[in-house]
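If you want the working numbering, it's the 1-based position in the sequence shown plus 1. Below: the structure, in structure tokens.
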Amino acid sequence: MAARHFALVALVALTLGACEEERYRGSARHNIPIPSATYALMSQKGMSKDQPILIRSYKKESELEVWKRKGDGRYELLKTFPMCRWSGQLGPKVREGDRMAPEGFYAISPGQMNPNSSYYVSFNMGYPNAYDRSHGRTGAHLMVHGACSSAGCYSMTDDQIGEIYALVREAQGAGQKAVQMQAFPFRMTPENLAKHRLDPNIAFWKNLKEGSDYFEVAKDEPSVGVSGGRYVFNGGNLGGAVAQKRQQDDAQVAALVAKGTPAVKLIYDDGDQHNSFKQTLVAGGSDSLNKSASWASRDVGISRPDALTVGPRVVVLDDKGRTKATVRATSADNEAVLAAVASAPAEVAATPAAAPAVVAKPAAAPAAAVAATQVAKVLPGAAQQAPVVASAVPAAPAVGTVADNRPFYQRALSFVPLIGGSAQPVEAPAAAPVASVVPAKPTNMRTPLPPRRADTLRTTQLDQSNAAYSSQSATR
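In structure tokens, the structure reads:
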């Protein structure tokens with residue numbers, strides 16, 4: 002009987018322990034444990050909770066990776082977390098209130114950890130860093146936190162941020178002074194670089210790729226400095242293997258461009274989320290996703306759910322970076338973007354189908370005697386003058402010119418108004434129709450962008466309240 006009682010107590014204790022492991026609330030949040038499944042995964046990969054970690058995030062793919070250093074000193078991927086929400090666009094954060102999530106290399110120290118966050122637990126990325134300050138960028142309290150809501154932060158579910166927070170805490174507790182976070186617009190693949198080669202941010206992204214290449218080759222975090230307004234990795238000495246990778250990637254980019262990979266710019270209604278969460282949002286609505294993702298955060302709901310039901314607009318660029326067409330993609334996935342580009346209307350022809358007839362003009366005809374009218378029509382993507390079309394009715398010679406061959410009395414009477422009447426202006430003959438090379442329905446008009454409010458510099462039409470999403474909140 003005693004043995005049975007002991008077994009029952011042990012079973013209850015294990016059940017309660019499992020619940021506590023999954024859902025730590027209140028003041029106990031700073032002690033959130035690493036889940037047992039993650040401990041098992043670390044054991045399989047030859048890792049321990051005390052070894053250093055590194056974080057990498059990707060906006061376009063809406064994913065966050067946690068890497069851990071193994072006994073041989075090289076980092077290996079531990080887990081990839083789907084991201085519940087990020088806001089703004091691809092590109093770096095520039096100013097307070099622009100809703101942009103930072104991109105760059107950041108360091109997370111123990112002092113940046115916040116177990117008392119309104120969004121379950123969180124940590125401050127460290128924006129603005131030395132690079133951001135060198136460019137005069139503004140903003141503060143840019144976090145990785147719980148709650149599926151963002152106004153410039155990277156937002157995970159409460160369960161996800163609890164696990165990530167615990168992994169960072171344990172590594173810092175074992176002596177890691179700062180956890181490096183590498184925040185990218187997308188995975189630095191030749192495919193992504195080829196498609197975004199004419200984006201205004203491409204020079205900045207190529208600078209980030211230098212640090213990314215070193216990490217992917219050496220499987221070690223680069224030392225990060227700033228000089229001349231650029232990131233400098235390992236003092237500029239990245240090694241021959243990194244240079245070789247860069248050459249190989251550049252060759253692949255050139256090959257993809259030669260094969261016809263389109264140059265595009267993605268414009269989001271307001272950021273994005275991983276497709277796994279998007280499917281939940283579409284199937285059950287924002288309230289259902291909010292309850293499952295944000296069970297312990299302050300209830301702020303899903304930020305801009307209307308912006309998540311569709312993919313980004315794809316701006317197709319010509320070889321000079323000018324807009325050729327704008328189409329909507331179903332998602333930011335590479336396949337969806339290419340499918341959207343393929344569905345774009347054909348480019349408007351730069352020349353008419355048939356050459357217009359040439360109208361001969363006298364060599365020394367005075368300007369006042371020229372009856373043809375020239376109309377310049379500019380096509381999207383090309384400047385070209387429309388063909389010159391002569392008037393169907395020859396213009397009368399100007400009164401008083403040598404070309405006026407009427408009898409003298411007729412020319413003299415033309416200066417005298419009729420008795421009892423008034424001089425009436427002579428109505429000009431109707432002009433002949435002007436040939437146009439512009440189609441009746443332009444096929445590559447730019448989709449109008451949502452209006453920007455000058456007071457907040459936000460990129461969306463439906464702004465959330467500042468009280469709900471202020472990035473200055475000290476409790477994030």
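Every residue, glycine too, gets a C-beta built ideally from N, C-alpha and C.
Proximity below 8 Å, CB of residue i to CB of residue j
i       : j       : result
Gly-261 : Tyr-232 : no
Arg-1   : Tyr-166 : Residue 1 lies beyond the stretch modelled for the chain, which goes from 2 to 477, so this question has no answer here.
Val-265 : Lys-196 : yes
Leu-143 : Lys-207 : no
Asp-334 : Lys-325 : no
Ala-284 : Gly-312 : no
Leu-78  : Glu-66  : yes
Lys-178 : Val-218 : no
Asn-202 : Gly-92  : yes
Gly-76  : Pro-103 : The amino acid at residue 76 is misidentified as Gly; the sequence shows Tyr. The answer is no: Cβ separation not under 8 Å.
Met-84  : Gln-280 : no
Ala-184 : Tyr-107 : yes
Phe-234 : Val-227 : no
Val-315 : Ala-341 : yes
Pro-257 : Pro-191 : Here residue 257 turns out to be Leu, not Pro, going by the sequence shown. It is a contact, given that the beta carbons lie within the stated cut-off.
Asn-115 : Ser-123 : yes
Thr-39  : Lys-80  : yes
Ile-33  : Leu-168 : no
Best match in the options for proximity to residue i [C-alpha to C-alpha]
i       : options                            : result
Arg-305 : Asp-334, Arg-100, Lys-46           : Arg-100
Gly-272 : Ser-156, Gln-253, Ala-294          : Ser-156
Pro-239 : Lys-210, Gly-163, Leu-194, Tyr-40  : Position check: residue 239 holds Leu in this sequence, whereas Pro was assumed. The candidate whose alpha carbon is nearest that of Leu-239 is Lys-210.
Pro-111 : Pro-103, Tyr-40, Asn-125, Asn-117  : Asn-125
Thr-158 : Ser-277, Pro-346, Gly-229, Lys-178 : Ser-277
Trp-68  : Leu-290, Ala-255, Arg-57           : Arg-57
Tyr-59  : Gly-226, His-136, Pro-186          : Pro-186
Ala-204 : Gly-230, Gln-113, Gly-140          : Gly-230
Gly-237 : Ala-108, Ile-268, Asp-214          : Asp-214
Arg-96  : Lys-80, Gly-137, Val-122, Ala-108  : Gly-137
Ile-109 : Val-180, Arg-134, Pro-116          : Val-180
Asn-516 : Gly-241, Met-43, Pro-263           : Since the first residue of the chain shown is 2 and the last is 477, residue 516 is not available in this structure.
Val-328 : Ser-289, Lys-321, Val-301, Leu-267 : Leu-267
Asp-270 : Arg-170, Ser-332, Ser-118, Gln-113 : Ser-332
Bounding residues of the beta strand (DSSP E) (the contiguous stretch that carries residue i)
i       : result
Ala-184 : 180 to 185
Ala-345 : From DSSP, Ala-345 is part of no beta strand (DSSP E); its letter is neither H nor E.
Ala-242 : Run containing Ala-242: none in the beta strand (DSSP E); it sits in the alpha helix (DSSP H), 241 to 259.
Tyr-128 : Neither: Tyr-128 is in no beta strand (DSSP E) and is coded neither H nor E.
Arg-329 : 324 to 329
Arg-57  : 54 to 59
Ala-264 : 264 to 268
Val-169 : Not the beta strand (DSSP E): Val-169 falls in the alpha helix (DSSP H), residues 159 to 174.
Pro-103 : Pro-103 -> no beta strand (DSSP E), and no H or E assigned at all.
Arg-70  : 64 to 70
Pro-83  : 76 to 83
Tyr-121 : Counting along the chain, Tyr-121 falls outside any beta strand (DSSP E), and DSSP gives it neither H nor E.
Arg-231 : 231 to 234
His-146 : 144 to 146
Element boundaries [alpha helix (DSSP H), containing residue i]
i       : result
Asn-193 : 191 to 196
Val-227 : Val-227 -> not in any alpha helix (DSSP H); beta strand (DSSP E) instead, spanning 225 to 228.
Ile-35  : Note, Ile-35: premise wrong, no alpha helix (DSSP H); not H, not E.
Val-283 : 276 to 294
Ile-203 : 203 to 219
Arg-314 : It is not in any alpha helix (DSSP H) - Arg-314 instead sits in the beta strand (DSSP E) that spans 314 to 318.
Presumed contact (8 Å Cβ cut-off) between residue i and residue j, rounded CB distance
i       : j       : result
Leu-1   : Leu-309 : Since the first and last residues shown for the chain are 2 and 477, residue 1 lies out of range.
Val-254 : Arg-323 : That pair is no contact at about 21 Å.
Gly-163 : Ser-295 : Wrong, their Cβ atoms sit about 12 Å apart, outside the cutoff.
Ser-293 : Ile-303 : Not a contact, Cβ separation roughly 11 Å.
Asp-133 : Gly-98  : 15 Å between Cβ atoms; not a contact.
- Three CB pairs or more closer than 8 Å across the stretch 151 to 163 and the stretch 86 to 95: yes
- Item | Inter-stretch contact at 8 Å, needing at least 3 Cβ pairs: the stretch 50 to 65 / the stretch 162 to 181 | yes
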